[in-house]
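Chemist: Just so you know, UniProt numbering puts 133 at position 133 of the sequence shown, and the rest follows in order with no gaps. Take a look at this one; I'll ask things after.
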Amino acid sequence: MEVKDMGRSIPNILENGSHLHSEKEKQGFHHSESFERAYRVGSILGKGGFGTVYSGVRNRDGVLVAIKHVAKQKVTDWMEVSNQRVPLEVCLLKQLSHIPGVIKLLDYYERTDSCIIVMERPDQAKDLFDYITEKICLKETVARSFFKQVVETVIACHNAGIIHRDIK
Numbered sequence: 001m002e003v004k005d006m007g008r009s010i011p012n013i014l015e016n017g018s019h020l021h022s023e024k025e026k027q028g029f030h031h032s033e034s035f036e037r038a039y040r041v042g043s044i045l046g047k048g049g050f051g052t053v054y055s056g057v058r059n060r061d062g063v064l065v066a067i068k069h070v071a072k073q074k075v076t077d078w079m080e081v082s083n084q085r086v087p088l089e090v091c092l093l094k095q096l097s098h099i100p101g102v103i104k105l106l107d108y109y110e111r112t113d114s115c116i117i118v119m120e121r122p123d124q125a126k127d128l129f130d131y132i133t134e135k136i137c138l139k140e141t142v143a144r145s146f147f148k149q150v151v152e153t154v155i156a157c158h159n160a161g162i163i164h165r166d167i168k
């Protein structure tokens, strides 16, 4: 079994959401409309060495999404999906889409110098670190439930041939 490595994530150079609307993207994943028409970008959900993630809304149906913006120059690993070269992260998200606990890839756009990855954003979701910080102390049953979900998801990914080395 070939095992792919998800340990390398992709830093981002975008500083604010205004750049998401500033250039025409290449058509990726056979889009019928531009990113700007398809999605509305909101506030920053998270920012770090692996990209900037924004809250967003899919315009056609109001579905909440997470929009990750990544500078192409920071993408080190590329794969081919449907005759299109995409970041390894996109390929792996597609490959793992059947696994509960793995965020679902909804869309992908490629621009001249960056990539936009659109993912599901579960309603009422919260970063585990933020949740623990807010609660200060977790009951053992709650901690056990969280840990069980993480372990089951990691096992399912491993069974699909993927090792994730960036679990925090």
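Glycine residues also receive a C-beta, built at the ideal position from the N, C-alpha and C atoms.
Got a sec, what are the start and stop residues for the beta strand (DSSP E) GLU152 sits in?
Modeler: Unbroken run through GLU152 is the alpha helix (DSSP H), 140-159; no beta strand (DSSP E).
Chemist: How should THR112 be labelled, buried or exposed, when 16 other C-beta atoms within 10 angstroms of its C-beta is the threshold for buried?
Modeler: Its Cβ having fewer than 16 others within 10 Å, THR112 is exposed.
Chemist: Is it buried or exposed, GLN121, if we count other Cβ atoms within 10 angstroms and call 16 or more buried?
Modeler: Just to set this straight, residue 121 is Arg in the shown sequence, not Gln. With 16 or more Cβ atoms within 10 Å of its Cβ, ARG121 is classed as buried.
Chemist: What does a CB cutoff of less than 8 Å around PHE146 pick up in its chain, not counting 5 residues either side in sequence?
Modeler: Cβ neighbours of PHE146 beyond the five flanking positions: LEU128, LEU138.
Chemist: For PHE29, collect the residues of the same chain with a Cβ closer than 6 Å to its Cβ; drop the 5 residues on either side in sequence, then sort them by chain order.
Modeler: The answer, listed in chain order, is TYR108.
Chemist: According to DSSP, is LEU88 helix, strand or coil?
Modeler: Note: LEU88 maps to helix in three-state DSSP.
Chemist: So, at 8 Å on beta carbons, what are the nonlocal neighbours of residue 172 in its own chain, with the 5 sequence-adjacent residues on each side left out?
Modeler: Past the edges of the chain, shown from 1 to 168, lies residue 172, and the structure says nothing about it.
Chemist: Roughly how many whole angstroms lie between the Cα atoms of ILE10 and HIS98?
Modeler: Annotation note: pLDDT 30 at ILE10 (below 50); position unreliable, coordinate value reported separately. When rounded, the distance between both Cα atoms is 23 Å.
Chemist: Spatial neighbours of LEU45 within its chain, please: CB distance less than 7 Å, with the 5 preceding and 5 following residues excluded, ordered by chain position.
Modeler: If we look at LEU45 and ignore the five residues flanking it on each side, its Cβ neighbours are VAL53, TYR54, SER55, ALA66.
Chemist: What are the complete beta strand (DSSP E) segments, minimum 3 residues, inside the segment 23-84?
Modeler: Counting only runs of 3 or more, we get 39-48, 51-58, 64-71, 78-81.
Chemist: Give me the residue from ARG58, GLY49, VAL81 with the minimum Cα distance to GLU33.
Modeler: Nearest C-alpha to GLU33: ARG58.
Chemist: Quick check: the Cα distance between HIS21 and GLN124, rounded to an integer number of angstroms?
Modeler: Any reading at HIS21 must be qualified, since the residue scores a pLDDT of 33, below 50, and its modelled position is unreliable; no value is offered.
Chemist: Whole angstroms are fine: how far does the CA of ALA71 sit from the CA of GLN84?
Modeler: Approximately 18 Å between the Cα atoms of the pair.
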